[in-house]
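Residue numbers (the UniProt record's numbering): 1 to 202.
The C-beta atom is built at its ideal place from N, Cα and C for all residues, glycine as well.
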């Protein structure tokens, strides 16, 4: 596939975001139409000039104003673009690479500043944690001791209740034994209060 230099330049200008305008400031779609208008304008201007007429000097203020305007807004010199499209595209690509390099340097600088700020923030947080750690440890130890003492009191109360229950059961057994002995003596016909009386089952 053969592509003209003007087509390649047109594609490159579109990629870089440039819009094409003619001398009157009217937007044009392609570089070929601009070249055609430029050549047609040159032919018309050369045909309209009478032979032997003296060439008028262009005022010096207009080129200076034009150059100042183009330099201020970063506009390319269209005549230079048309005459040397390859060099213009190469210069634009070099400028683009230089801009990207500067952008990378700015991003690296910003990254270094962010890293230093994060480091200082991390150090401040570490100091705050180290300062608050003994207080937090003391609070946790106090909570643990309180819970342990509560468990011990509950265990002691359960043990005392169990001992009381055992004592009550032992007392009840002792009363039952005494009651059984009294009942046995009553059945033998002896006085329940006479300690010498022995029940004879023979």
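Give the secondary structure of residue i by DSSP, where H, G and I count as helix, E and B as strand, and everything else as coil.
i           : result
residue 85  : helix
residue 27  : strand
residue 183 : helix
Thinking just about the alpha-carbon of each residue, which of the options is nearest to the one in residue i?
i          : options             : result
residue 15 : 89, 155, 131 and 79 : 89
residue 13 : 92, 168 and 98      : 92
residue 81 : 21, 165 and 178     : 21
residue 25 : 72, 78 and 71       : 78
Can the beta-carbon of residue i be found closer than 8 Å to that of residue j?
i          : j         : result
residue 85 : residue 9 : yes
Any beta-carbon of chain B closer than 8 Å to the one on residue i?
i           : result
residue 185 : Absent from the structure: chain B. Only one protein chain is present.
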